[in-house]
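Undergrad:
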Amino acid sequence: MAEVRAIATIGDDVLQGRGDVVRSYVSLLFEALLKERSFRIGAAIIIFVVASALLAPVAAWLLGHGPTEQFRDVALTEMGLPTGPSLQFPLGADGNGRDVLVRTLFGARVSLAIAIPATTLAMIIGTAIGLVSGFFGGRIDRVISQSTDIALSFPFIVTALSLLSLNRGDDGKPLLAPSLVVVLIITLFSWTYFARLTRGLVLALRNSPLVEAAQTVGASTTRIILREILPNIAPVILVYWAVQLPTNIVAEATLSFLGVGVQAPQPSWGNMIAEAQRSSLYQLQPWFLLGPGIALFLTVAGFNTLSAGLRNVLDPHRHSR
Amino acid sequence: MIRHIGGLVFRAVSTLLIVLVIAFFISRIAYRNPAAMLAPRNANQQTIDAVAHALRLNEPWYQQLWYYLYRGPDIQGAAMGLTHWPPGLGYSFRKQTAVTELILSKVPVTLSLALGALVVWMTLSIILGVVAARRQGTWVDNSIAGAAYVCLSVPTFLSGILISYFLFFQLSNLGIFWFPSSGYVPLTEDPFQWARHLALPWLTLALAEIGIFQRVVRASMLEVLSEDYIRTARAKGLPEGRIYYDHALKAALNPVITLAGLELAVIMGGAIVTEAIFGLDGVGRLAINSALDGDFPVVIGTTIFAAACFVFCTLVVDVIARWRDPAHAH
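These protein sequence lines are chains Z and A, in that order. For the first sequence, our numbering begins at 21 and goes up steadily by one. For the second sequence, our numbering begins at -18 and goes up steadily by one.
This is the structure we're talking about:
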């Protein structure tokens, strides 16, 4: 770890250096990460979650149950109540006689397919804005930090609802796919964190010898920002990507739980949990709630553990948020 | 100091004004045919026209905006714009009440919820954080860290359902009725019932926050404990308890206070999920119901309320941080 830190502080020279030096930086980093226990645990959980998301159609094919198919005659009792776990329905059925396991697996796809693009988009936008704001300072910085203030003061759920109703066309049909709108809303609410983080990091580097040297040689502003500053702050931003991702997974699940995100019958963990709660059927068939609940917990915990590990290795001086 | 605060206040007010304008535009674009949406249900064309006229919907947007800020709709001869006293945020034709009044009637619930949760989570986080820092690296530290991790990774809506299932449903199956599942009793009416009704929502909100705050308190404590003046205190022979809870904690709380202010602001702006699960009729519920209903004067109002909470708490936190930090004292 000590070597990694030493190399990380030299950072720029190494990253701009010859190929073999870069390779040794990457392999050193990788070694240090693999030694970190929380990184290993987190990575194992994430790999498991991603694999189950990818294999969801296979599970659906093996069990013969689609994610929105209803099996009212097999999966519901005579009273119309969902049955518990059985061989055909490993996690039992939900109130409409659908397979909870298959729906949970497909829910993983929805969750990741919304949270990953949203977080990545927020990272790109936020980093770009933070770079400009931190590097140029002055009036630009003031305008940008006031806009981050404004964006931060909007309440998430209510604004999301208003924006979702913006999406309705004259004929009442949505103009864009609702899940795309959810991606955009989450992006809109998380770029500010990246912008603030990047701005702080750039300010710390702005007057460092590194930038001064580049200026003396006559490097252009674009070059300084992209080739000198960005590579130095990239690791911290990537760690923050992993920190923000679970938050955004929860944000999507919360919107769907409140019925404004991913709409039924498309399965998402949020709307499955909402259904279990609304119908109170989880008191009879606990897996109706536990299936999506455990999946959500596992995913969030996995990313939290992974980002803790990353932070320990890459950024030893920062405290847990 | 005063100049600094003046600058902060100016920025806060300008932020709020911009939020107001943006919220106004979003809702005007988002809700088509606003007069029909805003009119009471089963209203005839005449009423709808009257609403459209009261909101100046037939005039260009800048006049609508100006009118909204300056005067607000005339209801029974009383104007209720921002510049009137008391400043108003318009009128809900659906609920037949001024928006400000409507929000203020829900504030006690939200305030009780937020402040109570703050007390619970800060107390528990500080105790658990200090204990973990004191027993750093032992099984105590590790198990607290594990529990905090679990709290951090369970979303509020899930922990809310589980808490109400186990602490309400299962307990009442056993014949124990400690906690009601929903409802709110004003503090002024019966303090005991007030706390009893809010206990589960407090716990729900606090759990999520403990996951964050326990770690921050612990990290901050460990940093402070490595400073020279703690060594001096030890050398003077002060009892360990005093060193931890008196000397170190005072300094360690600085980052914690900042974070707590921001979290409190978010909860004040509407703990929508918690309010929904425990059937509390607070600002969050008002906000989401009016957004679903298309009652946009209330949507704008609650948005401004949430933004104001956020801006105000950031301001207070900023001032407190400056006041507590000796480096900025002058």
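Think of the CB as a built atom: it goes at the ideal place given N, C-alpha and C, for glycine as much as any other residue.
Suppose you measure from the CA of Gly154 of chain Z to the CA of Leu217 of chain Z; what does that come to, to the nearest Å?
TA: Answer to the nearest angstrom: the Cα atoms are 10 Å apart.
Undergrad: Ends of the alpha helix (DSSP H) at Gly127 of chain Z?
TA: Val120 to Phe156
Undergrad: Use the C-beta contact count for Pro287 of chain Z: other C-beta atoms within 10 angstroms, 16 or more gives buried, fewer gives exposed.
TA: buried
Undergrad: Put Ala113 of chain Z into one of helix, strand or coil per three-state DSSP.
TA: If DSSP states are grouped into helix, strand and coil, Ala113 of chain Z belongs with the strands.
Undergrad: Taking DSSP as the reference, what is the three-state secondary structure of Arg115 of chain A?
TA: Per DSSP, reduced to three states, the secondary structure at Arg115 of chain A is helical.
Undergrad: Using a Cβ-Cβ cut-off of 6 Å (strictly less than) and excluding sequence neighbours within five positions of Ser314 of chain A, which residues of its own chain qualify?
TA: There is no way to answer for residue 314 of chain A, as the model of chain A reaches only from -18 to 311.
Undergrad: Which residues share a DSSP beta bridge with Tyr72 of chain A?
TA: A:Ala79
Undergrad: Shortest alpha-carbon distance to Ser327 of chain Z belongs to which of Z:Ala52, Z:Ser47 and Z:Gly62?
TA: Z:Gly62
Undergrad: How big is the Cα-Cα spacing for Leu1 of chain A and Ile7 of chain A?
TA: 10 Å
Undergrad: Whole angstroms are fine: how far does the CA of Ser185 of chain Z sit from the CA of Ser11 of chain A?
TA: Residue 11 of chain A is actually Ala in this sequence, not Ser. Each residue's alpha carbon lies about 6 Å from the other.
Undergrad: Given a limit of 8 Å on CB to CB distance, which residues of the stretch 309 to 331 of chain Z reach chain A?
TA: Taking a C-beta cut-off of 8 Å against chain A, the contacting residues of the stretch 309 to 331 of chain Z are Leu309, Gly313, Leu316, Phe317, Val320, Ala321, Asn324 and Thr325, listed in chain order.
Undergrad: Just to confirm, does Ala138 of chain Z get its C-beta within under 6 Å of one of the non-hydrogen atoms of the ligand PLP?
TA: This structure does not include the ligand PLP; it has no bound ligands of any sort.
Undergrad: Relative to chain A, which residues along the stretch 258 to 273 of chain Z have a C-beta separation below 8 Å, given in chain order?
TA: Listed in sequence order: Pro266, Val270 and Ala273.
Undergrad: Do you know whose CA, among A:Tyr43, A:Pro41 and A:Asn14, lies nearest Ile29 of chain A's CA?
TA: The shortest C-alpha separation from Ile29 of chain A is found at A:Asn14.
Undergrad: Using a Cβ-Cβ cut-off of 6 Å (strictly less than) and excluding sequence neighbours within five positions of Val205 of chain A, which residues of its own chain qualify?
TA: Around Val205 of chain A, the same chain offers Ala229, Ala232 and Ala233 as residues with beta carbons nearer than 6 Å, after the five sequence neighbours per side are excluded.
Undergrad: Taking C-beta pairs closer than 7 Å, name the residues in chain Z that Ile(-1) of chain A reaches, listed in chain order.
TA: Ile170
Undergrad: Let me check one thing: in DSSP terms, what residues is Arg188 of chain Z bridge-paired to?
TA: For Arg188 of chain Z, which the question treats as bridged, DSSP gives the partners Z:Pro194.
Undergrad: Please report whether the beta-carbon of Phe291 of chain A lies at a distance below 7 Å from any beta-carbon of chain Z.
TA: yes
Undergrad: According to DSSP, what are the bridge partners of Leu223 of chain Z?
TA: Beta-bridge pairing links Leu223 of chain Z to no other residue.
Undergrad: Enumerate in chain order the residues of its own chain whose CB-to-CB distance from Lys87 of chain A is below 7 Å, with the five nearest sequence positions on each side excluded.
TA: Asp262, Gly263, Val264 and Leu267
Undergrad: Contact defined as beta carbons within less than 8 Å: I believe Leu168 of chain A pairs with Trp175 of chain A. What is the distance between those atoms, to the nearest angstrom?
TA: 5 Å
Undergrad: Report the rounded CA-to-CA distance for Val120 of chain Z versus Trp211 of chain Z, giving the unit in angstroms.
TA: 34 Å
Undergrad: Please list the terminal residues of the continuous alpha helix (DSSP H) segment that includes Ile193 of chain A.
TA: Pro172 to Leu206
Undergrad: Would you mind sorting Asn252 of chain Z into buried or exposed? The rule is 16 or more other CB atoms within 10 Å of its CB.
TA: buried
Undergrad: Tell me whether Arg338 of chain Z sits in a helix, a strand or coil according to DSSP, three-state version.
TA: In this predicted model, Arg338 of chain Z has a pLDDT of only 48, less than 50, meaning its place in the structure is not dependable; the value taken from the coordinates is given anyway. DSSP places Arg338 of chain Z in coil when its eight states are reduced to three.
Undergrad: Could you check the C-alpha separation between Pro105 of chain Z and Met292 of chain Z for me, to the nearest Å?
TA: 17 Å
Undergrad: Cβ closer than 9 Å: which chain A residues qualify as neighbours of Leu278 of chain Z?
TA: Those within 9 Å of Leu278 of chain Z in chain A are Phe138, Ile253, Val254, Ala257 and Ile269.
Undergrad: Taking only three categories from DSSP, how would you classify Pro220 of chain A?
TA: coil
Undergrad: Return the bridge partner residues of Leu181 of chain Z from the DSSP annotation.
TA: Paired residues: none, contrary to the question.
Undergrad: Under a three-way DSSP split, which group does Leu310 of chain Z fall into?
TA: helix
Undergrad: Determine, using beta carbons only, whether Ile205 of chain Z and Ala180 of chain Z come nearer to each other than 7 Å.
TA: yes
Undergrad: Taking all protein chains shown into account, decide if Pro220 of chain A is buried (16 or more other Cβ within 10 angstroms of its Cβ) or exposed.
TA: exposed
Undergrad: Looking at chain A, which residues of the stretch 238 to 260 of chain Z have a Cβ within less than 9 Å of any of its Cβ atoms?
TA: none
Undergrad: Could you name the residues of the same chain whose beta carbon sits closer than 8 Å to that of Arg116 of chain A, not counting the 5 residues immediately before and after it, in chain order?
TA: Asp122
Undergrad: Span of the alpha helix (DSSP H) holding Glu248 of chain Z?
TA: Premise fails: Glu248 of chain Z is in no alpha helix (DSSP H) and is neither H nor E.
Undergrad: Taking the continuous alpha helix (DSSP H) assigned at Trp289 of chain Z, which residues delimit it?
TA: Trp289 to Ser299
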